[in-house]
Each structure stands twice: as C-alpha cells, then as structure tokens.
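*Asks:* 46 is the number that full-length UniProt numbering gives the last residue of the sequence shown; the numbers go up by one with no jumps.
From the three backbone atoms N, C-alpha and C, an ideal C-beta is built for every residue, glycine too.
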Amino acid sequence: MAELLARAADQVQAEDREQLDSRALAWAASEAAAQLLARCKIPITA
C-alpha cells in the first residue's frame, strides 16, 4: 500500500504543475481507496 500511495503522490505532484483539477484528484483518491479495500477484502456497499 505504501508503494501505491507513493506512486499516487508522485503523479499528483507531477500533474499539480499542470493545474490538476478537483475531479481528477477525486478520481485518483477513489481509485486508491478501491484498491486498498480490495486488498483488505472489504466488500464495498453503497
């Protein structure tokens, strides 16, 4: 998980220089959360 977060942080920093918008950041955060939940075998319920 630390590797995933490090990669996400690197990408956010790189894209931040290009004015990363809030929708892209929210998508990246939701992707990271979904991957973390999948690794922990936690079912996602709406």
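Between Ala8 and Ala32, is the Cβ-Cβ spacing less than 7 Å?
*Replies:* Yes. Within cutoff.
*Asks:* Helix, strand or coil: how does DSSP classify Asp10 here?
*Replies:* Reduced to three states, the DSSP call for Asp10 is helix.
*Asks:* Alpha carbon to alpha carbon, how far is Thr45 from Ala38?
*Replies:* If I take the Cα positions, the gap works out to 12 Å.
*Asks:* Mind checking whether the beta-carbon of Cys40 lies closer than 6 Å to any heavy atom of the ligand GTP?
*Replies:* In the structure shown, the ligand GTP is absent, as is every other ligand, since no ligand is present at all.
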